[in-house]
Amino acid sequence: MKMYSIPYFFGQTFKGLWRNKLMALASVIVLFSCLVLMGSFVLLLYNVNVNIDSVVQLNEIVVIVDYKATDEEVQEISDSISKLGNIAEVTFISKEEGLESERSRYEEYSYLFNELTEDNPLPDVFTIRYKDNSEVPNLIYQLKQIPGVSKVNNRIDIANDIENIKNGISFVFIWFLAILFVVSIFVIINTIKLGVEMRNKEISAMRYIGATNFFITTPFVIEGAVIGLIASILAFIAERYLYEFVYSAIHENYSIITVIPFSQVSLVLGIAFLCVGVLAGVVGCRISLRRYMKI
Amino acid sequence: MIEFNDVSKIYPNGVIALEHINLKIDDGEFVFVVGASGAGKSTLMRLLLREEKVTGGTLRVGDYDLGTMPNYKIPYYRRQLGMVFQDFRLFEKKTIYENVAFAMRVIGEPSSVIKRRVPTILSIVGLVDKYKSFPTELSGGEQQRVALARALANNPRIIIADEPTANIDPKLKMEIMNLLVKINTKGKTVIVVTHEKNIVDQFQKRVVTIQEGHLVDDRVGGMFHEDV
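The listed protein sequences derive, respectively, from chains A and B. If you want the working numbering, it's the position in the first sequence, counting the first as 1, plus 1. If you want the working numbering, it's the position in the second sequence, counting the first as 1, plus 10.
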């Protein structure tokens, strides 16, 4: 490509957009809508995952030490646990700490705990946070094998159910996103096709004077990219306001739900919008020009 | 030089458009190709433009063998040709100046060259003073002169004119033909496809006659073939 062709290409692009402005506007609106929907689903999915992860983190394994275990035996259990894999964090709660915790929990009846100080019925306990859900059954088995461990409590079934729901939601969302992307491309294809049809005579005359496919198609490809670019910028701005509105509504009314601030995702979302928008524009354009690439 | 060597063209639907054509056109020649509708003239043009490929024989234009030439070379080959059509095929939304300039822009000529060359070409066809006009503001004869100017823009070796006088006022037909002759005297090969007897007879150039896909007559200083 010669450098002095660049102003020509951009001139043709904007002439084409202006000449075909209604269809171009329709394309921008549809692609914009698809991008906002895509962005909303991605952000929803992301927030759902973050919330599910925080629920899953609450699941911990509780190892109850035999009531009669001596301090040495407790230390041995602690050593054995620390040697196991898939462990993120271990916290030891002694029977005394457990009693204090219960006393402070039921503060108004704390006098009832006074009698238990001498003959504490609570066991020593280890709480364990693990790294990988899928390896939990193995971890439980290993914990049960440690001498002096009386019981191992866990909520792995709940964790697994949550994991399955998370995967299911992701699967549905990904398909939905793919369908939206295909719809966007089809809209662009129609817009560019209309532009090409309008200029069909001109294109055929260009062929006779020796224009290459590159020369003929580049203004259309830039046209598709510009449609994608405009749609992605508008979609990003709309997404930001929409998200911040939802964010403040949830933040004020449902503090239990974690919502990621927009600033944390804005860069990735912006780049993704730009890439998806421009890609949809260019791919749609290339597909619609395929028939006209014949010499 | 253009060389048809036993060229045949059979379309996929089985129609035989041209059969065993042998024709040699030297550089700088002026040739009329005549024939009735459906005789094969258009196919001959399409083969020369490499819109269609020969199905038999070989067709060479200068250094290009059109039968084996890969598709990506076609635009570069076409830059050696200047095409003039009966329906002009001008860019209606461009001015006369832009129409001619565009042909140069397509092949990547810089603006400085375009600015220098376009007025010269427009002066050859006598349209310098109308450079700001749009094609729809011109008469048929003037539009065809613009088409000629555009065909000349990239200094092609060969000018192919397909019925160049068909849509023109009878008084202006000679004007266009005189221009083509003038271009020919400057060393360009000119091929004119026509079925206008009086024009062919008046200019007394080489006449190639095609009938039902066969080359039936080829004579220098010839007249319009009476059987056509």
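Ideal Cβ placement from N, Cα and C applies to all residues, glycine included.
Let me know the secondary structure DSSP gives residue i once reduced to three states.
i: Asn155(A); result: coil
i: Lys142(B); result: coil
i: Met39(A); result: helix
i: Gln214(B); result: coil
i: His205(B); result: coil
i: Gly99(A); result: helix
i: Ser111(A); result: coil
i: Phe98(B); result: coil
i: Asn188(B); result: helix
i: Asn165(B); result: coil
i: Lys34(B); result: strand
i: Leu178(A); result: helix
i: Phe215(A); result: helix
i: Phe93(A); result: strand
i: Ala111(B); result: helix
i: Leu28(B); result: strand
i: Leu117(A); result: coil
i: Phe221(A); result: helix
i: Thr53(B); result: helix
i: Ile117(B); result: coil
i: Ile62(A); result: strand
i: Tyr131(A); result: strand
i: Ile88(A); result: strand
i: Tyr21(B); result: coil
Please decide whether residue i counts as near chain B, where near means a Cβ-Cβ distance under 8 Å.
i: Phe172(A); result: no
i: Thr213(A); result: yes
i: Met207(A); result: yes
i: Glu198(A); result: no
i: Ile223(A); result: no
i: Phe11(A); result: no
i: Leu7(A); result: For the sequence presented, residue 7(A) should be read as Ile rather than Leu. It does not: the Cβ of Ile7(A) has no partner Cβ on chain B nearer than 8 Å.
i: Phe15(A); result: no
i: Ile204(A); result: no
i: Ile210(A); result: yes
i: Phe216(A); result: yes
Within 8 Å of any Cβ in chain A, is that where the Cβ of residue i sits?
i: Phe144(B); result: no
i: Val116(B); result: yes
i: Ala113(B); result: yes
i: Tyr86(B); result: yes
i: Arg99(B); result: yes
i: Leu54(B); result: no
i: Arg89(B); result: yes
i: Met93(B); result: yes
i: Leu57(B); result: no
Quick one: residues in its chain with C-beta nearer than 6 Å to the C-beta of residue i, no 5 flanking neighbours on either side, listed in chain order?
i: Ser185(A); result: Leu32, Cys35 and Ala281
i: Lys183(B); result: Thr175
i: Glu164(A); result: Asn134
i: Met199(A); result: none
Who are the Cβ neighbours of residue i in its own chain at under 8 Å, not counting the five residues just before and after it?
i: Ala27(B); result: Lys19, Ile20, Tyr21, Gly50, Thr53 and Gly223
i: Lys145(A); result: Val153
i: Val123(B); result: Met114
i: Val279(A); result: Ala226, Gly229, Leu230 and Ser233
With DSSP as the reference, please indicate the residues paired to residue i in a beta bridge.
i: Leu290(A); result: The partner list for Leu290(A) (beta bridge, DSSP) is empty, contrary to what the question assumes.
i: Asn15(B); result: Thr68(B)
i: Ile170(B); result: Met93(B) and Ile201(B)
i: Ile186(A); result: Answer by DSSP bridge pairing: none, since Ile186(A) is not bridged.
i: Arg229(B); result: Val217(B)
i: Val43(B); result: Val203(B) and Val218(B)
i: Val150(A); result: Val66(A)
i: His252(A); result: Answer is none; His252(A) lacks a bridge partner.
i: Val126(A); result: Ile65(A) and Ile94(A)
Is residue i close to chain E? Criterion is C-beta to C-beta, closer than 8 Å.
i: Glu164(A); result: In the structure shown, chain E cannot be found, because the protein chains are A and B.
Between residue i and the rest of its own chain, which residues show a CB-CB distance below 7 Å, the 5 nearest in sequence each way excluded?
i: Leu123(A); result: Lys96, Gly99 and Leu100
i: Val230(B); result: Arg216
i: Leu117(A); result: Leu100
i: His252(A); result: Val260
i: Glu173(B); result: Gln96, Val203 and Thr204
Answer yes if the stretch 142-159 of chain B comes into contact with the stretch 172-190 of chain B, meaning at least three C-beta pairs across the two stretches below 8 Å, and no otherwise.
-> yes
Per the contact definition of three or more C-beta pairs closer than 8 Å, is the stretch 163-174 of chain B in contact with the stretch 108-116 of chain B?
-> Yes: at least three Cβ pairs fall under 8 Å.
Should the stretch 197-217 of chain A be called in touch with the stretch 254-265 of chain A, which here means at least 3 C-beta pairs below 8 Å?
-> Under the Cβ criterion (8 Å, minimum of three pairs), the stretch 197-217 of chain A does not count as touching the stretch 254-265 of chain A.
Is the stretch 75-87 of chain A close to the stretch 136-144 of chain A, with three or more CB pairs under 8 Å?
-> yes
With contact counted as at least three CB pairs below 8 Å, one residue from each stretch, are the stretch 33-48 of chain B and the stretch 214-234 of chain A in contact?
-> no
Decide yes or no for the touch test of the stretch 282-292 of chain A against the stretch 186-197 of chain A: beta carbon pairs closer than 8 Å, at least 3 of them.
-> Touching, per the Cβ criterion.
Does the stretch 266-280 of chain A come close enough to the stretch 39-53 of chain A that 3 or more CB-CB pairs lie under 8 Å?
-> Segments in contact, yes.
Pairing CB atoms from the stretch 44-55 of chain A with CB atoms from the stretch 101-117 of chain A, are three or more of them under 8 Å?
-> no
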